[in-house]
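Let me begin by presenting the structure, written as structure tokens, before commenting on it.
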Amino acid sequence: MITDEQFTFISQKIKRSGISQKEIQDDLIDHFCCLVEIEMQKGSSFEEAYKGAYQQTTPNGFEEIQFETFFLLNHKKIILMKQFTYISGYLFALSTTAGAFFKVMHFPGANIMLFSGLLGISFIFLPLLLFNKFKDKVFKVMSEKLKWIFGTLSLMLILVGSSLRVLHLPGAMVLLGLGMLTFGILFLPFLFFRMFKSSQEEAISN
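In this note's numbering, the protein residues as written are 2 to 207.
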């Protein structure tokens, strides 16, 4: 049996780990205590037993447990969100393409399809895509995160400006200018910085 001091040590480690859900904390404490007791019965010291339990249960850190639990509990919602994101993106892109074709052919309804498609991509598809990327935690470094944020923002400004330009509405050139500036001054530096860092990492690994 582990002592009260050892139990307190395990509890404090887990509660200070960044895991916010109490249910997960309690389950991890029980699990760690069981593993530590088993290893100590085999002759290991408490420190060795705790390190072994940590490597066996959370080799990539405590946060991974919380993320995996969240994913399992919300798996269906996450899948539905992703399906909605990509289906909406396809439909808005199709509307934009059809609107452009109608515009070239001078068919009726071109402006409505083009405008709705561009706005849908700007204010529905792109924010949802960025949200999904953040939820999936695909960004390991801040520069990668900023690259996506500025890239999304610049594309939104350019698409909205283009839609206003098509309809000959005021503010189109301002938004297009802001979009181009955001793309050139904010997005491109992070894009090429990440490309440079990736090439360096590949060179080191090879």
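Idealized CB from N, CA, C, for every residue including glycine.
None of the values given here were measured: they were computed from a predicted structure.
DSSP state of residue i mapped onto helix, strand, coil
| i | result |
| --- | --- |
| G178 | helix |
| V167 | helix |
| R17 | coil |
| K43 | coil |
| I3 | coil |
| H32 | helix |
| P109 | coil |
| V161 | helix |
| G118 | helix |
| V37 | helix |
| G90 | helix |
| Q22 | coil |
| G172 | coil |
Whole-number beta carbon distance between residue j and residue i, since they are thought to touch under 8 Å
| i | j | result |
| --- | --- | --- |
| F126 | T98 | So it is not a contact: roughly 14 Å between Cβ atoms. |
| E48 | E40 | Going by Cβ atoms, the distance from E48 to E40 rounds to 11 Å, so no, they are not a contact pair. |
| M157 | S123 | 5 Å |
| I20 | I30 | With 8 Å as the limit, I20 and I30 do not qualify as a contact, their Cβ atoms being about 10 Å apart. |
| I11 | V37 | 7 Å |
| F103 | A94 | Incorrect: roughly 15 Å between the Cβ atoms, too far for contact. |
| T4 | F33 | Not quite, the Cβ-Cβ distance comes to about 14 Å (not below 8 Å), so this is no contact. |
| S144 | G121 | Not confirmed; about 29 Å, so no contact. |
| L147 | F191 | 5 Å |
| G53 | S45 | 7 Å |
Extent of the continuous alpha helix (DSSP H) run through residue i
| i | result |
| --- | --- |
| Q57 | F47 to T58 |
| S123 | It is not in any alpha helix (DSSP H) - S123 carries neither H nor E in the DSSP assignment. |
Task: Contact the stretch 170 to 177 vs the stretch 187 to 205: 3+ CB pairs below 8 Å - done: Because the criterion of three Cβ pairs below 8 Å is not met, the stretch 170 to 177 and the stretch 187 to 205 do not touch.
TODO: Could you tell me whether the stretch 157 to 169 touches the stretch 113 to 125, using the rule of 3 or more Cβ pairs below 8 Å?
DONE: Yes: at least three Cβ pairs fall under 8 Å.
Task: Stretch pair the stretch 142 to 156 + the stretch 178 to 185: three plus CB contacts closer than 8 Å - done: Yes: the two stretches touch, three or more of their Cβ pairs being nearer than 8 Å.
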